[in-house]
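Before any comments, here is the structure.
Protein chains in written order, with our numbering: chain A, 31 to 425; chain B, 46 to 197.
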């Protein structure tokens with residue numbers, strides 16, 4: 031592809047902001063206020079005035095709409111707003127992709143990618159109630175007791191473990207690495223709670239094959255990222271993290287109801303990865319640190335394989351606790367604690383941690399990071415994935 | 046005569062209703078008649094599930110419904126333990142199976158595997174439909190449940 035049609039390096043993430051991350055139901059702020067606080071924090075981080083914002087991108091049917099945000103912030107102009115449709119947090123990298131695209135197209139100059147979640151205010155993901163009849167795709171699953179997120183994705187993991195003979199050791203290692211990293215991260219909800227192998231193995235089943243510690247948290251909070259032209263980024267407060275590549279990823283009938291996706295044993299990243307690396311101008315060997323969305327650990331195993339970071343054959347040897355640690359591992363994973371142990375902010379926290387790693391600001395900093403990968407939403411109908419890099423990656 | 050029961054496996058969950066655009070009404074009418082129906086394209090004869098308004102293979106909108114043998118094999122499974130709905134609070138573990146229908150282009154259906162909730166489950170095992178009639182519904186409805194063929 032020619033440079034004119036590639037976003038590689040043309041935009042950068044220049045500001046990141048997060049609220050305090052709360053256990054579900056424990057935020058005293060309403061969700062909308064959390065989003066405003068995250069945006070202000072991201073602006074402060076970037077060293078810009080909130081009034082410079084002229085665009086918004088979000089995903090997963092975020093309830094906090096751009097006109098209301100622009101109104102609250104007193105923005106002089108709202109030039110761009112965008113929502114990516116997906117299930118769960120599969121759109122976290124897509125929100126950055128859409129922001130970068132808008133900036134490249136000249137549709138806006140300073141675009142915020144954001145997500146707010148207050149499960150206390152709006153109800154928990156992990157509970158299902160109600161008695162009214164269900165129709166459409168849910169009619170084929172819900173009357174059989176298949177309704178929570180864990181239940182929506184467990185059978186993919188069962189089939190994956192059956193077909194490839196890998197999984198449990200890698201899943202345990204992923205959970206332990208996330209909790210390990212959370213111990214150095216004061217933002218992390220699970221800071222102060224270690225997870226060892228015995229505790230993982232003794233934890234209760236949520237739905238076989240997922241144990242408690244295979245499952246993401248449920249939290250209240252908000253997160254925001256500010257994207258602008260990379261030639262403007264040089265003048266701002268922090269070293270820019272360039273957006274080298276960002277892709278959405280849906281495959282043949284990946285949205286088919288009643289578990290009829292043509293390729294069932296997938297994290298949904300197969301379509302995107304070939305475009306992602308080509309766009310970013312890097313290979314899997316160039317990736318220094320990975321933030322891989324854990325709705326459930328089984329999806330992470332598939333994601334890492336499909337991103338070319340290990341193989342079906344060697345996953346159990348590569349995905350060990352020692353190897354996934356920021357302190358000494360060859361494939362440092364989810365260095366903030368991720369959705370399992372930092373906060374479940376529908377994956378935007380993982381995108382932000384990738385920016386910290388590129389800047390050299392993580393609490394679990396991997397030495398000399400040039401290229402960081404952050405994906406979102408394994409096993410959903412449309413996932414997304416992004417690669418960020420330092421200025422020197424452009425050569 | 047296909048097998049049926051009037052004993053609900055997971056009582057108290059939300060009941061299914063045909064989509065209000067009529068898309069899958071033939072399926073739910075079929076289960077009440079104790080027939081397993083899926084879509085089949087009148088043009089290219091590909092079976093399709095879940096239902097759509099268009100054939101995904103040839104893009105014909107001439108989709109018909111066929112009754113298929115109510116048998117399949119286990120493609121995947123899970124065993125929920127954590128109750129996510131109040132109706133499941135005292136139920137204990139249960140089994141959800143994903144069943145593929147090799148005689149219908151391997152379309153897949155979700156249901157419960159009847160029998161011992163703690164039984165070992167073998168991917169590939171042959172299963173047969175047990176139509177589960179709910180005569181107390183609003184309106185009445187019938188679910189598609191599965192049991193090991195060796196048990197039937």
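Where is the CB? At the ideal position from N, CA and C, for every residue including glycine.
Under the criterion of a Cβ to heavy atom distance below 7 angstroms, does residue i qualify as lining the ligand NAD?
i                    : result
residue 74 (chain A) : Among the components modelled here there is no ligand, and therefore nothing to report on the ligand NAD.
Against residue i, what residues of chain B qualify as contacts under a CB-to-CB distance less than 7 angstroms, listed in chain order?
i                     : result
residue 139 (chain A) : Within 7 angstroms Cβ-Cβ: nothing; residue 139 (chain A) doesn't reach chain B, min ~41 angstroms.
residue 238 (chain A) : 123 and 124
Starting from residue i, follow the alpha helix (DSSP H) in both directions and report where the run begins and ends.
i                     : result
residue 101 (chain A) : 96–103
residue 303 (chain A) : 300–310
residue 127 (chain A) : 122–134
residue 263 (chain A) : 260–263
residue 149 (chain A) : 149–152
Which term fits residue i, buried or exposed, when burial requires 16 or more other beta carbons within 10 angstroms of its beta carbon?
i                     : result
residue 124 (chain A) : buried
residue 423 (chain A) : buried
residue 46 (chain B)  : exposed
residue 276 (chain A) : buried
residue 224 (chain A) : exposed
residue 99 (chain B)  : exposed
residue 344 (chain A) : exposed
residue 175 (chain A) : buried
residue 339 (chain A) : buried
residue 126 (chain B) : buried
residue 192 (chain B) : buried
residue 31 (chain A)  : Low local confidence applies: a pLDDT of 49 at residue 31 (chain A) is under 50, so the model's placement there is unreliable, with the coordinate-based value given in what follows. Label assigned to residue 31 (chain A): exposed.
residue 61 (chain B)  : buried
residue 29 (chain B)  : Absent from the model: residue 29 (chain B). The displayed extent of chain B is 46 to 197, so no value can be given.
residue 208 (chain A) : buried
residue 78 (chain B)  : exposed
residue 376 (chain A) : buried
residue 59 (chain B)  : buried
residue 379 (chain A) : buried
residue 187 (chain A) : buried
residue 57 (chain B)  : exposed
residue 194 (chain B) : exposed
residue 407 (chain A) : buried
residue 115 (chain B) : buried
residue 222 (chain A) : exposed
Could you pull the start and end residues of the beta strand (DSSP E) that residue i belongs to?
i                     : result
residue 192 (chain B) : 186–193
residue 413 (chain A) : 413–419
residue 37 (chain A)  : Neither: residue 37 (chain A) is in no beta strand (DSSP E) and is coded neither H nor E.
residue 271 (chain A) : 271–279
residue 317 (chain A) : Taken as a continuous stretch (DSSP letters only), residue 317 (chain A) belongs to no beta strand (DSSP E), as it is neither H nor E.
Closer than 9 angstroms by beta-carbon distance: list the chain B residues that pair up with residue i, in chain order.
i                     : result
residue 235 (chain A) : 124, 125, 126, 127 and 138
residue 185 (chain A) : 120, 121, 122, 123, 141, 142, 143 and 155
residue 308 (chain A) : The contacting residues do not exist; residue 308 (chain A) stays about 28 angstroms from chain B at best.
For a contact defined as C-beta to C-beta under 7 angstroms, what are the partners of residue i on chain A?
i                     : result
residue 59 (chain B)  : 160, 161, 162, 163, 164, 172 and 173
residue 133 (chain B) : 175
residue 94 (chain B)  : 288 and 290
residue 168 (chain B) : 192
residue 148 (chain B) : Per Cβ cutoff of 7 angstroms: no residues; residue 148 (chain B) is ~16 angstroms from chain A at best.
Strictly below 8 angstroms CB to CB, what residues from chain A border residue i?
i                     : result
residue 157 (chain B) : 174 and 175
residue 152 (chain B) : 290
residue 55 (chain B)  : 173, 174 and 175
Taking residue i as the query, report the chain B residues whose CB atoms sit under 8 angstroms from its CB, ordered along the chain.
i                     : result
residue 181 (chain A) : 123, 125, 129 and 141
Report the neighbours of residue i on chain A: residues whose CB is nearer than 9 angstroms to its CB, in chain order.
i                     : result
residue 188 (chain B) : 173 and 174
Against chain B: residues of the stretch 148–179 of chain A by CB proximity under 9 angstroms: 156, 157, 158, 159, 160, 161, 162, 163, 164, 165, 166, 167, 168, 169, 170, 171, 172, 173, 174, 175, 176, 177 and 178
Within the stretch 182–240 of chain A, ranges of the beta strand (DSSP E) (whole runs, at least 3 residues): 235–238
Contiguous beta strand (DSSP E) assignments of at least 3 residues, all confined to the stretch 326–411 of chain A: 401–406
Every unbroken alpha helix (DSSP H) inside the stretch 142–171 of chain B [4 residues or more]: none
Those runs of the alpha helix (DSSP H) which lie wholly inside the stretch 53–83 of chain B and span at least 4 residues: 70–77
Residues of the stretch 278–302 of chain A with Cβ closer than 7 angstroms to any Cβ of chain B, in chain order: 283, 286, 287, 288, 289 and 290
Every unbroken alpha helix (DSSP H) inside the stretch 39–111 of chain A [4 residues or more]: 61–76 and 96–103
Residues, ordered as in the chain, of the stretch 188–205 of chain A that lie near chain B by beta-carbon distance below 7 angstroms: 188, 189 and 192
Chain A contacts made by the stretch 59–90 of chain B, where a contact means CB separation under 7 angstroms: 59, 60, 61, 62, 63, 64 and 65
Length-filtered (3 minimum) beta strand (DSSP E) runs lying within the stretch 76–142 of chain B: 81–86, 108–113 and 116–125
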